[in-house]
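Residue numbers (the working numbering), protein chains in the order written: chain A, 292 to 571; chain B, 971 to 1419.
See below for the structure under consideration.
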Amino acid sequence: MKKPRLSALTVCLLLLFVLPYKTFAGFPIGKYRDIVVPSFSYYSQSAHYDVNGNFIKGTPGVNFTSFSANLYVGYGISRRLDLIVSVPYLYQVNNLGNGKSIISQGAGDMVAGLSYNLVNFKYVRFLSVQVSGVVPLYTASSSTSALGLGDKGAEVKLMYCGALPSFIADKGYFNAEVAYRRYFNFQGPDQVSFLGTVGYPISWHNQVSLDVTVFRSFSPNTTFNINYNAERDYAFVKPQLNFGHQFSRRFSMFLGGYYVPYGINTGLGYGGSVVAIFKL
Amino acid sequence: MKRICYLFCLIPLFIAGNALKANAAIQEVQETQQSDESGDIVLKPVPKSENGVFKKNEPIVYRLQITNNTNAYKEGKISYLLTTDEGKKIRLDSVRLAIRGNSSKEILVKLLPKPTGFYRLNFMVNTPDYDDTVRKVFGVDPQEIRSKLHKPADFDAFWKQSREQLEKVAPRYRVLERKDLSTDKKKVYAVEMHSFGNLLIRGWLVIPRDGKKFPVHYRVPGYVVTLNPNMDNDDFIAFDINVRGNGNSKDVINIGTDNYCLVNVESKDKYIYRGVYMDCIRGLDFLYDHENLGIDTSKIFVEGGSQGGALALITAALDKRVKLLTMQVPLYADIHDNMNISASYDKQVFPFKVFRRYNDIHPGFTWDKFFSTFDYYDPQNFAPMVKCPVLMGIGLLDQFCPPRCSMALFNHIGSNSKEYVCVPNSTHEVNLDYFMFQNLWLREKFRIP
């Protein structure tokens, strides 16, 4: 006549589902459920790294600033399969010096695809794969635009995420993603990226998280462009620190700031983001 | 450039290493919970089908790991005995065992496909100085198990009348905040109400502080089990009711486990479970009458294990205010078949251990008499009335609630949205994985984050 027990361990693990995540892709959204994530980002750079990774100090009055808004929507088609769509809108100011500047704005590259949970490790950790298409929502002449590369592309991403192992911490979560993206142009680029995230609750409704992005874009076209959206051959490492607050079970927000401490053939800058997460 | 390349190589390796370590840790916890690793020679049979359920056209395959924990070389035999759920022998086979000290080996046991049902498969090791048996059960297409309903002609009228009698009892609710038990995150209330036969019953209501309206986790108790405030659930209001004779509802009925299910078993009208079932309905009345406490009455799920599983099902059957039903190892399911199956046990277990003892010491009492009462209370007879989504968990090694009985009950459930989870190494309980899945299932059905 033993009663089925919900062990203390279960309770700890259930807490995993209470925490809002800074990242979404690897965690199955859940059948018939939606996630809507509007975000706003700011980025500014004046210096850059050359092709050898050497720091090049910027010229006074020459800089690049980007404001971008992004809407990410995910829908759980089944317990394992999610549909995701991400649409950015960019506003960029490229100051060339001597009071001259170029302003460009418009929708960027839309990413739409399917995420499939390959394995769930006892509902504690998840291994998922995502296949997406990249479609430019702007017109680019001669494959150049300040809003992006102007080419269609495809991406495959492997994601592993879940609760932090107990030998590291008794609460918190992680997400690790390795992605390969190819733009359908003779110049490529082929892009490989890694994103690692660790989130840790600091109180009942607050958490901090750290993202580290390692990005490499390969292309025979090594021309430097101060606007990273229009570059083809470059690399960077970007750590980002975030603070998250859960306002309700359906609404959370994250504030984050980042800096690029190392890069190749790309800008050296800093930025921040505000991310709102609605679980519907 | 080299630094970036090194990072790409090192980071995935680091993650893969940690992932393997973490998943090994999960596995280790599970294994420790599920297997007894002690003994000179340990047998560890693992079904090819992870949940121990096979299809009727596929062979039954077990991987049998044999570990010699001694320093000595051992010789003997490994056998398996396959029987039906009633203990009827189907096949006995053995192979010679020769194993070095402190070593392991593995053999594959493959049986021909079997018809629908559950089967007992005992693995045995015999050496001159050591014997051991490991008991396993597997199922074959259990969703196709069919059983006969022994539903009395006036079953519906009987329960309609019971509900009418309940409605005549003024609930006289009392809700008392227990600040001594409350926390900064949750308020705890002790609640009281009058139920069938004007008996006083009590329960616990736990309400999260960070919100205005919550779905409800309504938990009903196992057999003479005390339910206490459920502080584990952050996204639900937890309502736990102690039906008469359970927990803090023992003012009038205070009977131990040996006799609780026998109180007035010879009278369908006075049998203890009539009041118990109505207590569960009264608990629903309480929830509906206290929406002002933040109770979202459109999202009430009822849950229980063992006797609680039966009570949860009956509550959902009799009252459509229940929106979801989750139950584990439901007690008393298909009570006629439970009697047949339990007759084959070497040692009697609850509930027929109690019923048989009663039958033995009451000469005028017959099994016909028993069923003339219990057919009004067999959860299986309520199952067709359940129309809400259902999740059930069973343990394949359960002798109190044999899997065949639970699945017979499940297959009678009238809902077109029902799922079950088999836990192959559990007896009268389910495991952590089940509860993790149940949590996701509830969120999916209620569409809550």
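Glycine residues also receive a C-beta, built at the ideal position from the N, C-alpha and C atoms.
Here the structure is a predicted model, which means the values were calculated and not measured.
By the neighbour-count definition (other C-beta atoms within 10 Å, threshold 16), residue 1282 of chain B is a buried residue.
Excluding five sequence positions before and after residue 1385 of chain B, the CB atoms of its chain that fall closer than 7 Å to its own CB belong to 1356, 1357, 1358, 1359, 1360, given in chain order. When secondary structure is reduced to three states using DSSP, residue 1363 of chain B falls in the strand class. Any Cβ of chain B closer than 9 Å to the Cβ of residue 321 of chain A would place that residue at the interface, and such an atom is present.
When DSSP states are grouped into helix, strand and coil, residue 1233 of chain B belongs to the coil group. Less than 9 Å separates the beta-carbon of residue 1347 of chain B from that of residue 1247 of chain B.
Cβ contact annotation for residue 1339 of chain B (same chain, cutoff 7 Å, sequence separation greater than five): 1236, in chain order.
A residue is called buried when at least 16 other Cβ atoms come within 10 angstroms of its Cβ; residue 375 of chain A meets this threshold and is buried. Of the candidates B:1105, B:1257, B:1098, B:1082, the residue whose Cα lies closest to the Cα of residue 1161 of chain B is B:1257. Interface flag for residue 551 of chain A against chain B is unset, since no Cβ pair is found closer than 9 Å. Within the segment 483 to 540 of chain A, the complete beta strand (DSSP E) runs of at least 3 residues fall at 497 to 509, 525 to 537. The beta carbon of residue 377 of chain A sits closer than 8 Å to the beta carbons of 361, 362, 363, 364, 401, 402, 403 from its chain, once the five residues preceding and following it are set aside; these are given in chain order.
In chain order, 495 make up the part of chain A whose C-beta sits under 9 Å from the C-beta of residue 1155 of chain B. Considering only A:356, A:355, A:337, the residue with the shortest C-alpha distance to residue 347 of chain A is A:337. When DSSP reads this structure, residue 416 of chain A sits in a beta bridge with A:412, A:453. Contact between residue 1270 of chain B and residue 1292 of chain B holds: their C-beta atoms lie close to 6 Å from each other, under 8 Å. The alpha carbon of residue 472 of chain A has as its nearest neighbour, out of A:506, A:497, A:462, the alpha carbon of A:506. Contact between residue 571 of chain A and residue 541 of chain A holds: their C-beta atoms lie close to 7 Å from each other, under 8 Å. Residue 1093 of chain B sits close to residue 1106 of chain B, with the two beta carbons spaced by under 9 Å. Less than 9 Å separates the beta-carbon of residue 545 of chain A from that of residue 500 of chain A. A contact is defined here as three or more CB-CB pairs under 8 Å, and the segment 1064 to 1081 of chain B meets this definition with respect to the segment 1034 to 1052 of chain B. Residue 382 of chain A is bridged by DSSP to A:358, A:396.
Here DSSP, grouped into helix, strand and coil, assigns residue 1252 of chain B to helix.
Under DSSP, the beta-bridge partners assigned to residue 421 of chain A are A:406, A:448. Using a 10 angstroms sphere on the CB of residue 1155 of chain B, the tally of other CB atoms stays under 16, which defines it as exposed. Contact between the segment 1144 to 1155 of chain B and the segment 1360 to 1370 of chain B is absent, with fewer than three C-beta pairs closer than 8 Å.
When DSSP states are grouped into helix, strand and coil, residue 1306 of chain B belongs to the helix group. Apart from the 5 residues on each side of it in sequence, residue 484 of chain A sits with its Cβ closer than 6 Å to the Cβ of 470, 506 in its chain, given in chain order. At least 9 Å separates the beta-carbon of residue 1402 of chain B from that of residue 321 of chain A. Contact of residue 391 of chain A with chain B by beta-carbon distance below 9 Å is absent, the smallest such distance being about 33 Å. Under the three-state reduction of DSSP, residue 1190 of chain B is assigned to coil, being neither helix nor strand.
In the three-state reduction of the DSSP assignment, residue 1406 of chain B falls in the helix class, which pools H, G and I. The C-alpha of residue 428 of chain A is placed about 23 Å away from the C-alpha of residue 373 of chain A. Cβ contact annotation for residue 335 of chain A (same chain, cutoff 8 Å, sequence separation greater than five): 354, 355, 356, 357, 560, 561, 562, in chain order. With respect to residue 444 of chain A, residue 425 of chain A sits close: the two C-beta atoms are nearer than 9 Å. Residue 1013 of chain B has its alpha-carbon roughly 16 Å from the corresponding atom of residue 1043 of chain B.
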